[in-house]
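Colleague:
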Amino acid sequence: MTSTNGAARMTTMNLPVSRAKARPERSLTLAAPFVLSLTTVVAMPAGPAVAACVQSGSTVTCSGATNTGFGTGAEKNLAITVQSGASIDVGNAQKAIDVDSGNTAINNGAIVVGNSSKGIKGIDNNVFTNNGTMILGTSSTAMDVAGQNNILTNAGTISSTAQSTTGLLLIGAGNTAINSGTISLSGTAYGIAADGATILNSGTITVGSSTGANGAGVFLLYSNALTNTGTITAAGANGVGVSISGAGNTVTNSGLIAATGADGLGVVIDSQNNTVVNNGTVRGGTDGYSLRSFAFLASGNSVTNNGTLDGRIELMGSGDSLINAGLITITDPGTALAVGNFGFSTSFTQTAQGTLALRVDNTGLHDSVWVGGTQVNLNGTLRAVVQAGLYGTTTTYKDVLATSASVNSRFATVTSSSAFFNAAATYNANSIDLILTRQGFGAVAGETQNQRAIGNALEAGYSTALTGATATFYAQLLQAGSLRVLDQLSGEGTSGTQNTAFNSGVLFGQTMEGQMEAWRAGNRGGGASDAALGYAAEQPRGPAASAFAALKAPAMAQPRWNAWAAGFGAGQQLAGDASLGSASLSNRAAGGAMGVDYLVNPDLLLGMAAGGSCATFSVDDRATSGRLEGGHVGAYAMQRFGANYLSAQIAYSHFSNTTTRTITGVGTTETAQGSFGSDQLGGRLEIGRSFDFGITAVTPFAAIQAARLWQGAYTEASTAGAAPGVLGLSYAAQSVTSLPTFLGAKFDGRVAFGNGMVWSPFVHAAWVHEFRPSRTITASLVTVPVSAFTIAGASAASDSARLDLGSRLALNRWWEVSARVTGEFSNLGQSYSGMGALKASW
């Protein structure tokens, strides 16, 4: 009732939360099993505004804090602003702002109301906006209009922990509600309740809580148009995301509508001739429904699903129809598999774009569709969603679709959610059966070599009679939707320790190689005469002799001892092999070395070195990473024979390796960590001859570089959260060989600046062929009794081009600095490294 004979108005309204039976006439008092009372009786005396809200002409500014509201319910055409930092806090049965028509009210501050109260209330042609906060007591409403052509906007926060609250209430034609903010009412509540309004939600609406019951995110009476691009959630038991209780409504969802509590309903229809178009997700709670209409209340309703309907469906009104061009499924584990989980009284149509996903288990239980009408139009995909369990070779599911009409059409595709099952349908006169056939873990079409290797090992251990942890493992494995689960289980990524160890050993070897190269190229500082030092004693024997060898210095000026220190860093990327099923690898290394060498005679250099390195690797596609801490010792020698030379080096490395894998796709995500030691012995032998071309010497060369890596056996420790895991692997001891050969040329320049300073830029280029590029591991599951399997990791490149750019600068006969950058390029990837060194000679 609304009264205008004086300064007081009274509005009485009772609205149901869900499943209310609407009367044929437009009544604002509705009967229901649960009734949310929004009764407000307010009588406010006329008079001027209190000091906290100051009126000047048609402008009202609220800038302080007050416990008294503004307005009598008769004000028109005012502009009211609650400023940021200001507040209106009123008690029970009061209104914070109470006006009539044509007003604009903006809350940028805080409005708090007690029980049976209103935040902002008006009649016609008002524009109310909340940019701040509004807090409600029991049976209270944040913004309330009972007239025409009002616009209510919430861009801030409306909240309450009390019962029987409403965020936005709009009764009358031509009203608009816009929510881009947050409406959070944890008691039994309506987020938005409307009759004849346009509702636009791009924000968040949440009603109810895990300990509450009932409530509706949006409650629609007659002729409303709801467009949702945000989130609408009913959290309590028996809650409703969107309740359609009157006729002629249109709901378009491109966001999320969810009822998360027990028996929750995503969208419920209690009336006639409504239209629902879902382009987003509508989800029901445990034993609830994503979509439901009641036979004794609903009729003529039309539903089109282009998105996801997740939960049971019961569309039982006379003439109700559903067109599925999206996905129909049940993902809630608490909703039991049952015949008739999807029921349609009249019509069910699935287009070519639609998917009907029915859960099946190993005992023969399944979801099913029942259509009681005369229209069953099938197309698109029927998908069997495999539940955890141990399955025999073949399982048949009777009547996954049953109808009183004839089955005159078929699904275009029948598939399984599991990579290890084939699915097929049998079409009967009034029903459809589904047949599921299990495939061997190593016999699925399209498997890679690695996947077949672990799949065959797993197949050998499979049986429907398994028990305990092994049965659980296989039951969960059979649910896997992709063959990638085999890659996750294989431990392939840990093979990255091998390429990383070889790379670290090569970097240490390059520090020794750099010292021999400096001596070979004659880059020792000059004496007082600026003569070059360190070349062969013999005179040139022909035109092919190196010009550098002719620059003989007095033997007494030749330094005999050299001490040096070098630092290095590198990065490498290698692509995987699709046919093997290996994933790409990247690694990084850094470290340093120091050494000393001795010039035994003018043509023989001997030295030794020691160093350390730290390297990391990552195989992102296998969620695997690791770290290698290395220690290195080595010896080297170079013998010159005129313009010819022979160099050799040998090195031993020990690595402490740690690995970490994240394993997904089989039950709970697990983290497996391993730790082990490895040893590497490697060497390099190189021959070459120098030719002089003026200020440049060209040296063709050939080299062979061999390394053997011994990795110790180890077992991963796996955890699933705080509990022990079951997917860890035991790795066998592994021996791996690297055998690259090099064929190329070295270009060395030499410029003397006087006073003993000599600069020697250089470019080295080579073709590299790796005879042993394979990198493999052999492993077995720790807790599942299956045989060991061998998996190939990312291989080294078989052929690559290598380029070294750098220079050495002899500051004088005692000190030299050098730097170089190396790149190696192949069809599998590339690597880059940098090195700098300082040498002292005496």
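The numbering of the sequence shown is UniProt numbering, which starts it at 1 and goes up by one.
Built from N, CA and C at the ideal position, the CB exists for glycine as well.
From a predicted model like this one, the values you see are computed outputs, not experimental measurements.
#1: If I measure Cβ to Cβ from residue 461 and keep anything under 7 angstroms in the same chain, skipping five residues before and after, which residues do I get?
#2: Relative to the alpha-carbon of residue 134, which residue among 149, 108, 519 and 124 has its alpha-carbon at the smallest distance?
#3: Please classify residue 366 as buried or exposed, where buried requires at least 16 other C-beta atoms within 10 Å of its C-beta.
#4: Would you report the Cα separation of residue 863 and residue 216, rounded to the nearest angstrom?
#5: Are there three or more Cβ pairs, one per stretch, closer than 8 angstroms when the segment 206-216 is compared with the segment 180-189?
#6: Helix, strand or coil, according to DSSP, for residue 728 in the structure here?
#7: Helix, strand or coil for residue 502 per DSSP?
#8: Pull up the distance between the alpha-carbon of residue 778 and that of residue 791, whole angstroms please.
#9: How about residue 844 and residue 120: are their beta carbons less than 8 angstroms apart?
#10: Is the CB-CB distance between residue 191 and residue 205 below 8 angstroms?
#11: Using 8 angstroms as the threshold, is the segment 704-712 in touch with the segment 456-470, meaning 3 or more CB pairs across them?
#12: For residue 565 and residue 592, which I take to be in contact (beta-carbon distance under 8 angstroms), what is that distance rounded to the nearest angstrom?
#13: Using a Cβ-Cβ cutoff of less than 7 angstroms, which residues in the same chain neighbour residue 734 once the five nearest sequence positions on both sides are dropped?
#14: Starting from the C-beta of residue 675, find all residues in its chain whose C-beta is less than 6 angstroms away, skip the five residues before and the five after it, and write them out in chain order.
#15: For a test of the three-state rule: what should DSSP assign to residue 824, helix, strand or coil?
#16: Going by DSSP, what residues sit across from residue 652 in a beta bridge?
#17: Measure the alpha-carbon distance for residue 486 versus residue 451 and round it to whole angstroms.
#18: Tell me which same chain residues have a C-beta within less than 6 angstroms of the C-beta of residue 843, skipping the five on either side of it?
#19: Using three-state DSSP, classify residue 434 as helix, strand or coil.
#20: Taking the beta carbon of residue 59 as the centre, do at least 16 other beta carbons fall within 10 Å, making it buried, or is it exposed?
#21: Measuring CA to CA, which of 132, 163 and 136 is closest to residue 179?
#22: Pop quiz: residue 647 and residue 516 are said to be a contact at Cβ under 8 angstroms. What is the actual Cβ separation, rounded to whole angstroms?
#23: Which same chain residues end up closer than 6 angstroms to residue 246 when comparing Cβ atoms and leaving out the 5 residues on each side of it in sequence?
#24: Taking the alpha helix (DSSP H) that residue 468 falls in, what are its first and last residues?
#25: Note down, in chain order, each residue of its chain lying with its Cβ closer than 6 angstroms to the Cβ of residue 111, except the 5 sequence neighbours on either side.
#26: What does a CB cutoff of less than 8 angstroms around residue 412 pick up in its chain, not counting 5 residues either side in sequence?
#27: For a test of the three-state rule: what should DSSP assign to residue 695, helix, strand or coil?
#28: Compare the beta carbon distance of residue 298 and residue 269 with 8 angstroms and say whether it is the shorter of the two.
#29: If you draw a straight line from the C-alpha of residue 816 to the C-alpha of residue 688, how long is it?
#30: Are three or more beta carbon pairs between the segment 581-590 and the segment 493-513 nearer than 8 angstroms?
#31: With distances taken between CB atoms, is the gap from residue 339 to residue 436 smaller than 8 angstroms?
#32: Name the residue from 167, 663, 395 and 170 whose alpha carbon lies nearest to the alpha carbon of residue 438.
#33: Just verifying my parser: in three-state terms, what is the DSSP assignment at residue 687?
#34: Would you mind working out which of 401, 446 and 398 sits nearest residue 420, comparing C-alpha positions?
#35: For residue 176, which residues of its own chain have a beta-carbon under 6 angstroms away from its beta-carbon, when the five flanking residues on both sides are left out?
#36: Which of helix, strand or coil does DSSP assign to residue 400?
Modeller: With the structure as the only source:
#1: Within the sequence shown, the letter at position 461 stands for residue 461. Cβ within range, chain order: 784, 785 and 786.
#2: Here residue 134 refers to the residue found at position 134 when the sequence shown is read from its first residue. Comparing Cα positions, the closest option is 108.
#3: Locating residue 366 in the sequence shown gives position 366, counting from the first residue. Answer is buried; the Cβ neighbour count reaches 16.
#4: In the structure as shown, the chain starts at 1 and stops at 842, and residue 863 therefore has no counterpart that could be examined.
#5: Between the segment 206-216 and the segment 180-189, the count of Cβ pairs shorter than 8 angstroms is three or higher; the stretches touch.
#6: For this step, residue 728 is matched to residue 728 along the sequence shown. In this structure, residue 728 counts as coil in the three-state DSSP scheme.
#7: For the purposes of this step, residue 502 is taken as the residue at position 502 of the sequence shown. Here residue 502 sits in helix by DSSP.
#8: Residue mapping note: residue 778 aligns to position 778 of the sequence shown, counting from 1. Residue mapping note: residue 791 aligns to position 791 of the sequence shown, counting from 1. Going by C-alpha positions, residue 778 is about 6 angstroms away from residue 791.
#9: Outside the displayed range of the chain (1 to 842) lies residue 844, so it cannot be described from this structure.
#10: Here residue 191 is taken as the residue at index 191 of the sequence shown, counted from 1. Here residue 205 is taken as the residue at index 205 of the sequence shown, counted from 1. Taking 8 angstroms as the cut-off, the beta carbon of residue 191 is found closer than this to the beta carbon of residue 205.
#11: The segment 704-712 vs the segment 456-470: no contact.
#12: Indexing the sequence shown from 1 puts residue 565 at position 565. Indexing the sequence shown from 1 puts residue 592 at position 592. The Cβ separation is near 7 angstroms, so the contact holds.
#13: As a first step, residue 734 is located in the sequence shown; it is residue number 734 there, counting from the start. Annotation for residue 734: 711, 777 and 778 place their beta carbon closer than 7 angstroms to its own, counting only its chain and skipping 5 residues before and after.
#14: The sequence position of residue 675 within the sequence shown is 675, counting from 1. The answer, listed in chain order, is 658.
#15: For the purposes of this step, residue 824 is taken as the residue at position 824 of the sequence shown. The answer is strand: DSSP assigns residue 824 an E or B state.
#16: Along the sequence shown, one-based indexing puts residue 652 at 652. 633 and 681.
#17: Locating residue 486 in the sequence shown gives position 486, counting from the first residue. Locating residue 451 in the sequence shown gives position 451, counting from the first residue. Straight-line measurement puts the Cα of residue 451 at about 6 angstroms from the Cα of residue 486.
#18: Because the chain is modelled from 1 through 842, residue 843 falls outside the range shown and cannot be assessed.
#19: For the purposes of this step, residue 434 is taken as the residue at position 434 of the sequence shown. DSSP places residue 434 in strand when its eight states are reduced to three.
#20: Mapped onto the sequence shown, residue 59 falls at position 59. By the neighbour-count definition (other C-beta atoms within 10 Å, threshold 16), residue 59 is an exposed residue.
#21: Residue mapping note: residue 179 aligns to position 179 of the sequence shown, counting from 1. In this structure, 132 is the residue among 132, 163 and 136 with its C-alpha nearest to the C-alpha of residue 179.
#22: Your numbering for residue 647 matches position 647 in the sequence shown. Your numbering for residue 516 matches position 516 in the sequence shown. At roughly 5 angstroms, the Cβ-Cβ gap stays under 8 angstroms, so residue 647 and residue 516 are in contact.
#23: Mapped onto the sequence shown, residue 246 falls at position 246. Hits under 6 angstroms: 22, 221, 222 and 271.
#24: For the purposes of this step, residue 468 is taken as the residue at position 468 of the sequence shown. It spans 468-477 - the alpha helix (DSSP H) in which residue 468 sits, taken as one unbroken run.
#25: Numbered from 1 along the sequence shown, position 111 holds the residue referred to as residue 111. 88, 96, 119 and 134, listed in sequence order.
#26: Numbered from its first residue, the sequence shown carries residue 412 at position 412. Taken in chain order, the residues that qualify are 352, 379, 380 and 381.
#27: To locate residue 695, count along the sequence shown from 1; it is residue 695. Residue 695 falls in the coil class under three-state DSSP.
#28: Position 298 of the sequence shown, counted from the first residue, corresponds to residue 298. Position 269 of the sequence shown, counted from the first residue, corresponds to residue 269. Contact: yes.
#29: What you label residue 816 is simply residue 816 of the sequence shown in a count that begins at 1. What you label residue 688 is simply residue 688 of the sequence shown in a count that begins at 1. For residue 816 and residue 688, the gap between their C-alpha atoms comes out near 24 angstroms.
#30: Flag = yes, the segment 581-590 and the segment 493-513 touch.
#31: The count along the sequence shown starts at 1 and reaches residue 339 at position 339. The count along the sequence shown starts at 1 and reaches residue 436 at position 436. With a cutoff of 8 angstroms on beta-carbon distance, residue 339 and residue 436 are scored as not near each other.
#32: Along the sequence shown, one-based indexing puts residue 438 at 438. Measuring C-alpha to C-alpha distances from residue 438 to each of 167, 663, 395 and 170 identifies 395 as the nearest.
#33: The sequence position of residue 687 within the sequence shown is 687, counting from 1. If DSSP states are grouped into helix, strand and coil, residue 687 belongs with the strands.
#34: Indexing the sequence shown from 1 puts residue 420 at position 420. Nearest of 401, 446 and 398 to residue 420, Cα basis: 446.
#35: In the sequence shown, counting from the first residue as 1, residue 176 sits at position 176. Same-chain partners within the cutoff: 151 and 198.
#36: Here residue 400 refers to the residue found at position 400 of the sequence shown. Reduced to three states, the DSSP call for residue 400 is strand.
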